[in-house]
Each structure stands twice: as C-alpha cells, then as structure tokens.
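If you read the protein sequences in the order shown, they are chains B and Y.
Taken in order, the first sequence gives residues 397 to 916; the numbers are from the numbering used here.
Taken in order, the second sequence gives residues 397 to 916; the numbers are from the numbering used here.
For reference, the structure is listed below as structure tokens.
Number of protein chains: 2
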Amino acid sequence: MNGAEGLIQTLAKAGVEVCFANPGTSEMQLVAALDGAPEIRAILGLFEGVVTGAADGYGRMAGKPALTLLHLGPGLGNGLANLHNAKRARTPIINLVGDHATTHLQYDAPLTSDLDGVAAPMSDWVRRSLSAADLANVGASALQAAMRYPGAIATIIAPADHAWDNGGEIATVEAVNRPTFAGDPATAAAALQNANHPVLFLGGPTLNADALEIAGAIAAATGARLVTETFCARLQRGAGRVVTERLPYFAEAATEFLAETDVMVCIGATPPVAFFAYPWKPSTLSPPSASVVEYASARDNCQQALSTLADLLGADTETVTTQTRQTHDVPPGPLDAKRIGFSLANHLPEQAIVSDEAATAGLALYNITASAEPHDWLMLTGGSIGQGLPVAVGAAVACPDRKVIALQADGGALYTVQSLWTMAREQLDITVIIVNNASYAILNIELARVGVDAPGKKALSLLDLSNPDINWCDLARGFGLPAVRVDTAETFDAALASAMHESGPRLIEAVITPAHKRGP
Amino acid sequence: MNGAEGLIQTLAKAGVEVCFANPGTSEMQLVAALDGAPEIRAILGLFEGVVTGAADGYGRMAGKPALTLLHLGPGLGNGLANLHNAKRARTPIINLVGDHATTHLQYDAPLTSDLDGVAAPMSDWVRRSLSAADLANVGASALQAAMRYPGAIATIIAPADHAWDNGGEIATVEAVNRPTFAGDPATAAAALQNANHPVLFLGGPTLNADALEIAGAIAAATGARLVTETFCARLQRGAGRVVTERLPYFAEAATEFLAETDVMVCIGATPPVAFFAYPWKPSTLSPPSASVVEYASARDNCQQALSTLADLLGADTETVTTQTRQTHDVPPGPLDAKRIGFSLANHLPEQAIVSDEAATAGLALYNITASAEPHDWLMLTGGSIGQGLPVAVGAAVACPDRKVIALQADGGALYTVQSLWTMAREQLDITVIIVNNASYAILNIELARVGVDAPGKKALSLLDLSNPDINWCDLARGFGLPAVRVDTAETFDAALASAMHESGPRLIEAVITPAHKRGP
C-alpha cells in the first residue's frame with residue numbers, strides 16, 4: 397500500500413464520501429488511489445473555485461466534509477476565494493493539495509511556490525506529511541480538525557513522493573463530539589427580561605429549524621425580536637418555521653433597523669458590524685446605548701445554549717409564532733426582482749435548497765419567499781462573489797433528492813461559470829436562475845456611498861457588464877446545459893414552474909433592468 | 397487631493413498607462429481616481445485571473461508594468477495563479493489591492509482575511525500604506541520594485557481610508573537603470589573552448605533578437621548548441637532570427653537531448669531541472685559528468701554578459717546561422733497538431749505575437765513554426781494553466797498594431813475563459829485557436845509516467861473533458877466573440893487565413909483527436 401492509498405482508505409473508512417477534484421501531475425497517485433475507494437465519489441471541476449465552493453455547499457448540507465483535490469500552490473490559490481467563504485460559514489472541508497516530491501523542492505522547478513504560505517490565510521488547520529506512512533495520520537487529524545464544531549477548513553499538503561512511496565497505512569479516526577455548552581444563561585436572561593426592545597441576534601448553528609424553535613419560544617417569552625446575520629451559512633425557513641428578520645446589508649439601513657434596541661443577546665454570532673466601512677460612518681450597527689451580551693459563540697453548542705436560556709426563562713415552544721404558507725398573485729409585465737420572488741414563493745417545492753448570490757436583487761427575493769414551502773437558504777457568507785453556483789453543485793451532491801435553486805446575479809456568476817459544466821456532467825437537479833442586470837449593480841450604489849458623486853465614463857465602464865452583453869443561454873449551452881431566456885413575469889413563471897416539475901440541470905436567464913439603468 | 401488621487405497621479409506621471417481591473421467596494425475611490433488620469437486606460441476583467449494574466453502579457457511586451465486593481469484578500473487570491481506565472485516570467489507588475497479601512501479591520505467583517513499573507517507567496521515586494529499621504533510613496537516604491545531588472549511583482553495594499561482621506565500627494569519616482577554586468581567571462585569562455593559538446597543554456601533576458609544574435613556568434617565560434625528553457629517568457633524567433641533548440645518538456649526526453657553535453661554555460665537561466673519529479677528518476681537533466689557554469693542569472697544584464705563573452709572569444713555576429721523563411725504544404729484531411737503548425741507557419745504575419753498554452757499539441761506547433769515570419773512567442777512560464785488567454789489580452793493591449801494569436805489547449809482555456817469577453821469589449825486584434833482534444837491530454841500521459849498502469853474509470857473521468865463536450869463556439873458567442881469550428885486541415889487553413897487578413901477578436905475551435913483517444 398502506498399501513501400496515497402493509505403490516506404484515501406483512511407478517509408473512506410471514516411465516512412468521507414465525495415471528492416471534488418481538479419488534479420495535476422503531482423496528484424496522479426491520489427487520483428489512482430481514489431479508484432480503489434468505491435465509497436468516494438469523484439467529481440471533476442474545471443476550475444478550483446468550483447471545487448472549493450462545491451465542497452462548501454456539500455459541507456453545509458451534509459454536516460461533514462467533502463475532500464477537495466488541488467494542484468500545488470497556484471491550484472490552491474484559485475480555490476482561496478471560496479475557501480474564504482467556507483471558512484466564514486464554518487463549513488467542514490478537507491483540502492488535499494499535492495506538492496512536488498520532497499527531493500524535488502530544492503530545485504525550484506517552475507511550479508514551485510510557498511504552498512504552506514498560500515494555504516495559511518484561508519485554512520483553520522494546515523499540516524504537511526512527513527512520510528508515506530504519515531500521510532494517513534495527517535488525513536485522520538485533518539478530518540478531526542475539519543469536524544471542529546460546527547466545521548473548519550483543514551488542509552493537507554501531500555508531497556508526491558509520500559503519495560507514491562510504499563509504506564502507507566490506514567489510520568484510525570477518533571470521533572469528534574459536539575461540545576457541551578458550559579455558559580451561564582443568567583446574564584442573558586436578566587438582560588432580556590429587563591429590556592424594552594430586546595433583540596436575539598442569531599448566527600451560525602442557531603439557524604436550523606429545531607434551534608430556531610427554541611429561539612422562537614424565547615422571543616415569545618421576552619418580546620425579543622429574532623434577527624439573523626445578514627449572510628447565514630444555512631437558514632431553515634418557510635411555512636411552519638419560526639419567523640426571523642434579516643439584518644439589512646447597508647450600514648445605515650441596519651442602524652435604523654436596530655435603532656430602538658436596548659439589549660442585544662448574541663448567540664452563534666458576534667455583534668453586528670458593517671460589511672464595509674464608509675467615510676464618516678460608524679462600523680458598529682447597534683445603538684451605542686444598547687447593552688450587548690455575547691452569550692454563545694458560533695463554535696459553541698448553540699442549541700444547548702438556547703435550551704438552557706429557554707429553561708431559565710420558562711419559555712415554551714408551544715407559544716412560537718410560525719410562518720404561514722401564502723401564495724402570491726404575480727402581476728404580469730416586465731420582469732423585476734419582486735415578480736421573481738412571487739413566482740419563487742409559489743413554486744419552491746418542499747425541502748428545496750436555495751443557493752442565494754442574487755446580490756442587489758436577492759434582498760427582495762428573500763423577503764417574499766419567507767412564505768414558501770419549508771426550505772433551506774444558503775448565503776454568501778464571506779462576501780467573495782462567485783460562491784453561488786459552486787455551492788449549488790455541492791448542495792445537490794449532498795442532497796440528491798432535493799431540488800436546488802441557484803439564485804445568481806450575473807456579475808458573481810462569471811467568476812465560477814465553469815460550475816455549469818459540472819452540473820451538466822453530474823446531471824444534478826439544479827435550476828440556475830441568472831438574474832441578469834448586465835452590471836455590478838451593487839458597485840454603482842457603492843460608488844455614490846463612498847462619496848463619488850459624479851463618476852466619469854471610465855469609472856462607470858468598470859462597473860458595467862454590457863458592451864458586449866453576455867448571452868447566458870449561449871454560455872449554458874456551451875457547457876452542456878439547456879437554457880431559456882425570459883424577460884416578463886409570465887414567461888419567467890412558466891419557465892420556473894416547468895423547471896420545478898422536471899428533474900435535472902437547466903438555466904433560466906431572467907433579464908431585469910436595475911434601478912440605475914431605468915429611465916425616469 | 398485624496399490619497400487615491402495622489403497614488404494614481406504618481407503612477408500616471410511615471411508612465412503607467414494601463415490598469416487591468418476587477419474592483420469592489422473598497423476600491424471605489426481608486427476607480428474614481430482613475431477617472432482623473434486620462435493617461436491610464438482602464439480595462440475590466442470579469443475574473444481576477446484575467447486581470448493578473450493580462451498584466452503579465454502586457455508587461456512581457458511593454459517592458460514596463462501595468463497596474464492591476466483587485467478587491468481584498470479573496471480577489472487577490474483569485475489572481476494568484478497568474479501572478480505565479482508572471483513572477484516566474486519576471487514580468488513587471490504593480491498590484492493595487494484595496495483593503496478595509498484601518499478603523500474597520502478590528503471588527504473582522506465578513507470580507508476580512510490575512511491580505512498580507514495572501515500577497516506574500518506570489519509577490520516579490522509587498523507594502524501597506526501608512527496614511528493617505530504615504531499611499532503615493534508606496535506607489536513610487538512599488539514602481540521601482542516592479543522595474544527591478546528585468547521585472548518583478550510589486551503589491552500595494554491600500555486601506556480604503558487612505559484612499560478616501562485628504563492629504564494625498566504626488567510622489568516622484570526615480571528611474572531604475574538596467575544593471576551593469578560585472579561578471580568575469582573567463583571561466584565560461586575556457587569551458588566552451590575546451591568542450592567537445594558545449595551547450596549555451598539560455599533563459600530570461602537572453603531571448604530577444606539582439607541578445608540571441610550575440611549568442612549565435614558565440615555558438616558559431618565555439619560549436620556550442622543554443623538551447624532555451626522549455627518555457628520562456630518571451631522568445632523572438634522566426635525567419636532571419638537566430639536558430640535555437642528548445643529543451644524538451646519530459647524529463648527522459650530532456651536527459652536524452654542533453655546526453656552528450658560535456659559543458660553547459662547558463663545565461664539568464666539556472667541549470668535545467670525536471671518540471672515534476674517522477675519515481676526513480678533524477679530531477680536534474682544534464683549528464684552528471686557535465687561541467688555546469690552559471691555565468692549570468694536572469695536578473696543580470698544578460699545582453700552585456702553575452703557581449704563580454706563574445707568579445708573574449710572573438711566571436712563575430714557576421715557568422716551567425718539564422719532561420720530561413722519556409723512555407724509548407726498542408727496535407728488535407730483530419731486536423732492534427734502538425735497540420736495546425738503548417739498553416740500557422742504559412743500564415744503568421746510579420747511581428748505576430750503568439751501566446752502559447754497549447755500544452756501537448758504545442759510542442760509540435762512550436763517546432764514547425766520556426767520557419768514563419770519573425771514573431772514573438774510567449775510561454776507558460778510557471779506551469780499554472782489558464783495563462784494563455786489573459787496573456788494574449790495583455791499583449792494585444794501593449795501592441796495594438798501587431799496580430800496576437802492565442803494557441804490554447806481546451807483544458808487550460810477553461811480556467812480563465814472570461815478573457816474572451818475582455819477581448820470582445822476592447823476589440824483586441826486576437827485570434828484565439830482552441831486546440832480542442834476534449835481532455836487533459838497531458839494528465840493521461842502523466843498518469844502512466846508516475847507508475848499508474850491500469851487506471852480505472854473514476855481516475856480517467858477526472859482527466860477527461862467530455863460528457864458533456866464543451867462547445868467552444870457557444871462559449872465564444874456567449875462572451876460576444878465570433879467563432880467557427882473546424883476539424884479538417886482545409887477548413888482550418890481557410891479560417892486562419894481569413895483571421896490573419898482581418899482585424900479584431902475571433903475564435904477558431906480546432907478539433908483534434910489526441911493519441912490516447914485515437915483508435916488502433
């Protein structure tokens with residue numbers, strides 16, 4: 397048994413079931429070892445950002461890590477942006493990155509780089525094997541590191557000679573248990589009980605249906621608002637689920653949204669801050685006078701923290717306010733974000749998974765779809781666009797029986813457009829909705845917000861995706877996906893209804909006109 | 397004047413003419429400052445790998461840096477792979493990366509990462525500004541660092557508040573002179589004169605027509621073979637130019653190629669090593685018995701080093717063997733790499749620029765096109781695929797009067813496929829030839845070379861780009877480029893002839909069948 401086989405067998409035995417891969421020469425022994433592990437499905441991505449983003453989507457839904465297989469420093473570099481998002485989502489991922497043979501590194505061959513340096517910024521844990529036998533030990537430790545509750549990014553650096561040398565062994569992986577919450581709920585309980593306008597600020601592992609039900613009971617008992625982070629890794633919502641409010645994206649809107657708050661208890665989240673700083677605006681969002689209690693962090697057992705707090709407060713889940721199912725009339729006419737939202741709310745099937753990177757359009761869509769059938773909503777946790785399509789790939793691999801909808805702004809979709817091919821190859825049940833406004837609409841807003849009042853032609857050209865317009869149906873077909881382009885509420889609704897009733901990958905190009913491009 | 401304006405004005409006054417950009421919110425002031433600098437052309441890339449690769453192509457041809465504009469750690473991360481290639485090419489580039497405002501970093505907002513850590517591995521120089529006034533100083537230093545002969549990667553980290561704060565100033569940039577070569581040619585001269593089978597091993601700044609002519613004279617005087625690195629940043633070749641041999645890619649072929657060598661004098665290159673290590677094969681390529689003289693490094697003034705050596709040897713450029721112009725008959729029939737090469741050799745216009753990432757097909761193309769009109773050949777210096785299309789973009793921006801041909805394998809093209817859109821938007825005079833073999837052909841070869849003799853279905857699926865086949869004409873049209881698909885010698889020749897006689901961007905999908913997919 398060579399080192400590669402020892403590593404892959406170790407991971408397979410410990411329950412790793414999927415490897416998203418973009419290998420090169422230095423990973424050929426690892427590729428061959430995957431052949432010998434029928435437990436692990438291998439899925440090719442044409443670009444490393446697809447690979448790491450798919451592992452993020454998989455980990456969010458499966459609750460355990462996928463393996464990525466990446467080629468040296470530059471290959472890992474291409475995957476960093478979506479590892480950043482995954483790290484912010486606290487998704488379990490094991491990166492397996494091949495390196496030159498240890499004997500070869502001294503020669504500084506063309507593909508040599510500071511691979512450990514590339515790995516560090518977006519990994520929670522990095523280790524390089526010391527021998528063929530050690531490779532499996534590193535793999536076992538990586539799996540434990542990735543399962544640090546609720547999840548972490550573990551990166552294995554595997555020199556090629558450790559993969560091909562004999563002496564591989566299968567290592568044992570010890571189970572990682574969810575931590576026990578040891579915090580005292582007294583301060584949080586007292587703060588909530590004495591407040592006039594309390595907020596429970598929820599993030600990370602509080603956003604599943606069970607934990608949210610306990611949060612709902614606390615809200616009913618104390619009058620607290622339930623507010624989630626703006627960008628959640630995975631939020632369970634829809635009909636029958638507890639109603640939450642989403643913290644607005646723009647700092648001034650968030651400040652106004654929280655203006656009356658006198659007590660904020662944070663569970664699974666840190667106190668809210670602005671996404672970006674702006675000249676002459678504060679970075680923190682809750683009123684300076686509000687009392688902020690950091691009760692449980694995102695690495696704590698937040699469900700237990702909520703239970704403990706609910707018990708102390710005598711909160712009862714019988715009293716929870718839940719969302720009712722509503723359908724919407726879809727006004728006919730030119731398509732806009734609201735009309736997309738109405739159709740989605742009507743047609744989303746039960747247990748659908750939405751990968752949301754719809755950016756400016758996404759906020760309207762999110763609010764309207766609260767009344768849809770129960771579903772999971774996955775968001776852009778780290779702000780690095782190009783996450784949405786790969787996360788949809790990974791979610792579909794993790795949950796083959798659930799419909800996945802990628803709600804995707806055009807600008808962000810272009811960073812990892814190669815995802816469409818993996819959807820086609822694996823015949824994943826994903827409906828991609830490209831919300832095409834032919835611009836980085838958010839940046840047109842941001843330009844004004846940072847104080848640039850009269851941008852010139854050159855500045856505007858850098859925020860514009862037209863000239864030429866991108867034809868998303870052509871791109872989809874080029875990657876092997878059926879596609880349709882619609883620009884009215886009626887045609888969108890028909891296309892969506894059809895997509896929800898059939899299986900397999902497809903793309904709907906939904907053309908809307910953003911506010912800054914509309915006429916008077 | 398704010399800090400952003402001070403920086404951009406400093407760079408504009410010092411001669412920076414192009415900014416390849418993919419900005420975000422933290423770069424909005426820098427975008428606005430570009431508006432105020434008519435000397436700088438701003439070009440949008442839809443993905444950061446396009447931006448950094450284009451800066452590489454520009455710098456190789458212009459001999460001075462373009463500016464890149466990138467968004468925080470993840471944005472720079474997406475650009476790392478092509479910065480790796482550019483660093484290996486010693487291309488001058490200035491990266492300008494926005495960061496959160498200094499006051500905002502403490503809050504660990506979602507897009508926060510270790511930006512300095514991301515910058516370090518692929519930069520030769522990194523500095524973070526200390527204030528709005530300091531930003532221009534950092535810019536001036538960055539330009540000097542980028543111009544370290546023959547070029548280097550300088551990365552500026554610009555916190556958003558330093559860009560928007562008043563107090564910006566225009567800094568003076570002192571000129572960076574080419575170094576004077578101080579080495580002694582005596583050892584190299586004696587070694588060459590006493591050798592039976594000497595090789596001049598040439599890289600980096602020795603590969604322009606003038607320096608090669610001196611190398612040719614040395615070869616004529618000493619009987620030395622002129623051998624270039626396998627992957628050169630920029631090689632001037634074709635009719636009337638000095639004939640060189642290219643070191644083979646595969647280690648065993650390179651070893652055989654150099655088997656008789658008893659003396660190797662390296663100028664602008666380090667002694668040749670294998671691209672990858674393989675089990676039971678050596679990493680170094682020249683015979684163990686050969687005497688290796690490292691006469692001048694790639695950061696030396698190699699043209700002066702060659703002149704000094706030629707003078708000592710009494711070598712005379714009148715005696716140089718140059719390439720004669722030859723045209724070729726193109727045998728009709730199914731298209732293959734050789735037939736593509738014959739057509740290219742016939743049709744390449746004088747002063748064409750070839751961006752070569754044709755991978756397995758590229759080696760045949762390279763040899764055949766030696767007899768074309770004089771042209772520049774740009775190669776994959778760092779081995780990270782996805783360089784070819786962006787480098788073509790940058791070369792076309794640097795040299796608007798020259799025809800650019802991107803010879804591009806399909807697998808590599810997919811990493812930075814968004815380049816096609818920038819070609820269309822800027823109406824660059826680029827003919828993209830996608831050599832489509834629907835596989836990572838090189839990896840099918842490598843799998844056997846690392847000792848995997850009977851790969852299974854799963855392993856092979858990770859090296860295969862079919863199922864579904866990618867339709868390159870659809871992709872091109874989706875990005876706004878005209879495209880044609882050909883699979884015979886006759887139709888390729890006609891499409892190429894037409895492309896060479898017209899101006900503007902277009903794509904030719906050249907379908908060939910690789911050896912491992914052909915029938916018996």
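Built from N, CA and C at the ideal position, the CB exists for glycine as well.
* **Reference PHE577(B); option with closest CA among TRP773(B), ILE663(B), TRP817(B), ALA567(B)** => For the residues TRP773(B), ILE663(B), TRP817(B), ALA567(B), the minimum Cα distance to PHE577(B) belongs to ILE663(B).
* To do: Using a Cβ-Cβ cut-off of 8 Å, state whether GLY535(B) counts as contacting chain Y.
  => False, the Cβ-Cβ gap to chain Y never drops below 8 Å.
* To do: Going by DSSP, name the residue or residues bridged to GLN804(Y).
  => Partner(s): GLU753(Y), ILE830(Y).
* Which of helix, strand or coil does DSSP assign to SER693(Y)? -> Note: SER693(Y) maps to coil in three-state DSSP.
* Asked: Roughly how many angstroms separate the alpha carbons of MET660(Y) and ALA686(Y), rounded to a whole number?
  -> So the alpha carbons of these two residues sit roughly 7 Å apart.
* To do: Note down, in chain order, each residue of its chain lying with its Cβ closer than 8 Å to the Cβ of ALA410(Y), except the 5 sequence neighbours on either side.
  => Excluding its 5 nearest sequence neighbours in each direction, ALA410(Y) has C-beta neighbours in its own chain below 8 Å: ALA536, LEU539, VAL569, listed in chain order.
* Asked: In chain order, which beta strand (DSSP E) runs of at least 3 residues are fully inside the region 421-467 of chain Y?
  -> Runs of the beta strand (DSSP E) inside the region 421-467 of chain Y: 437-440, 462-467.
* Per DSSP, TRP521(B) is paired with what? -> Checking the DSSP bridge columns, you'll see TRP521(B) partnered with ALA550(B).
* Asked: Touching or not, the region 837-856 of chain Y and the region 416-426 of chain B, by the rule of three or more beta carbon pairs under 8 Å?
  -> Yes: at least three Cβ pairs fall under 8 Å.
* Can you tell me which of ILE781(Y), ALA542(Y), LEU785(Y) puts its alpha carbon nearest to the alpha carbon of ALA924(Y)? => A question about residue 924(Y) goes unanswered here, because the residues of chain Y that appear run from 397 up to 916.
* Asked: Closest by CA to ASP860(Y), which one among ASN867(Y), ALA834(Y), THR884(Y), PRO851(Y)?
  -> Nearest option by C-alpha distance: ALA834(Y).
* Alpha carbon to alpha carbon, how far is VAL446(Y) from ALA670(B)? Give it in angstroms, no decimals. => Cα to Cα, the separation comes out at about 30 Å.
* **Identity of the residue in ILE841(Y), ALA748(Y), ASN832(Y), ALA805(Y) nearest PRO796(Y) by Cα** => When each option's Cα is compared against that of PRO796(Y), the closest is ALA748(Y).
* Would you say the region 760-768 of chain Y touches the region 634-643 of chain Y, given that touching needs at least three Cβ pairs under 8 Å? -> A contact exists between the region 760-768 of chain Y and the region 634-643 of chain Y.
* To do: Check each candidate in ASN562(B), GLY784(B), SER679(B), SER894(B) and name the one with the smallest Cα separation from TYR454(B).
  => Distance from the Cα of TYR454(B) is smallest, within the candidate group ASN562(B), GLY784(B), SER679(B), SER894(B), for GLY784(B).
* Asked: Sorry if obvious, but does the Cβ on GLY634(Y) come closer than 7 Å to a heavy atom of the ligand SAM?
  -> With respect to small molecules bound, the structure shown includes none, and the ligand SAM cannot be examined in it.
* Residues of chain Y with a CB under 7 Å from the CB of MET896(B): which are they? -> Within chain Y, no C-beta atom comes less than 7 Å from the C-beta of MET896(B); the nearest is roughly 23 Å away.
* Looking at the unbroken beta strand (DSSP E) that takes in PRO594(B), where does it start and where does it end? -> First-last of the beta strand (DSSP E) with PRO594(B): 594-598.
* C-beta contact flag for ASP512(Y) and ILE566(Y) at 8 Å -> ASP512(Y) is not a Cβ neighbour of ILE566(Y), given a cutoff of 8 Å.
* **Between the CA atoms of ALA556(Y) and THR704(Y) - distance to the nearest angstrom** => For THR704(Y) and ALA556(Y), the distance between alpha carbons rounds to 50 Å.
* Asked: Got a sec? Which residues, its chain only, sit under 7 Å from HIS467(B) by beta carbon, not counting five neighbours each side?
  -> Once the five neighbours on either side are set aside, the close Cβ partners of HIS467(B) are ASN418, PRO419, GLY420, SER422, GLU423, GLY494.
* If we count Cβ pairs, one from each stretch, closer than 8 Å, do we get three or more for the region 464-478 of chain Y versus the region 848-857 of chain Y? -> No, the region 464-478 of chain Y is not in contact with the region 848-857 of chain Y.
* **Candidates PRO594(Y), VAL789(Y), PRO727(Y), VAL726(Y), of which the one nearest ASP752(Y) by Cα** => Scanning PRO594(Y), VAL789(Y), PRO727(Y), VAL726(Y) for the CA closest to the CA of ASP752(Y) turns up VAL789(Y).
* For PRO878(Y), three-class secondary structure by DSSP -> Correct three-state label for PRO878(Y): coil.
* Please classify THR812(Y): is it buried, with 16 or more other beta-carbons within 10 angstroms of its beta-carbon, or exposed? => The Cβ neighbour count for THR812(Y), taken over all protein chains shown within 10 Å, is at least 16; the residue is labelled buried.
* Whose C-alpha, out of PRO675(Y), ALA613(Y), THR680(Y), is nearest the C-alpha of LEU643(Y)? -> Closest option to LEU643(Y), Cα to Cα, is THR680(Y).
* To do: Please determine, among LYS677(B), ARG621(B), THR640(B), THR624(B), the residue with the shortest C-alpha to C-alpha distance to ALA647(B).
  => The shortest C-alpha separation from ALA647(B) is found at LYS677(B).
* Answer with yes or no whether the minimum CB distance from MET775(Y) to chain B is below 8 Å. => Cβ-Cβ to chain B under 8 Å: no for MET775(Y).
* Asked: Is the shortest distance between the beta-carbon of ASP825(B) and the beta-carbons of chain Y less than 8 Å?
  -> Taking 8 Å as the threshold, the shortest C-beta distance from ASP825(B) to chain Y does not fall below it.
* Asked: Does the beta carbon of TYR503(B) come closer than 8 Å to any beta carbon on chain Y?
  -> TYR503(B) belongs to the set of residues whose beta carbon lies under 8 Å from a beta carbon in chain Y.
* Interface positions of the region 663-697 of chain Y facing chain B (Cβ-Cβ less than 8 Å), listed along the chain -> Cβ contacts with chain B come from THR666, VAL669, ALA670, PHE671, PHE672, ALA673, PRO675, SER679, THR680.
* Asked: Rounded to a whole number of angstroms, what is the C-alpha to C-alpha distance between ALA794(B) and MET457(B)?
  -> About 6 Å.
* Asked: Going straight from the alpha carbon of VAL638(B) to that of GLU435(B), what length do you get?
  -> Distance from the CA atom of VAL638(B) to the CA atom of GLU435(B), rounded to whole angstroms, is 37 Å.
* Asked: Can you list, in chain order, the residues of its chain whose CB lies under 8 Å from that of ALA616(B), leaving out five sequence neighbours each side?
  -> The answer, listed in chain order, is ALA711, ASP712, THR715, VAL716, THR717.
* Give the single residue among GLY399(B), HIS500(B), ALA820(B), LEU501(B) whose Cα lies nearest to the Cα of LEU442(B). => Per the Cα distances, ALA820(B).
* Kindly indicate the opening and closing residues of the alpha helix (DSSP H) around GLU609(B). => GLU609(B) -> alpha helix (DSSP H) spans 605-618.
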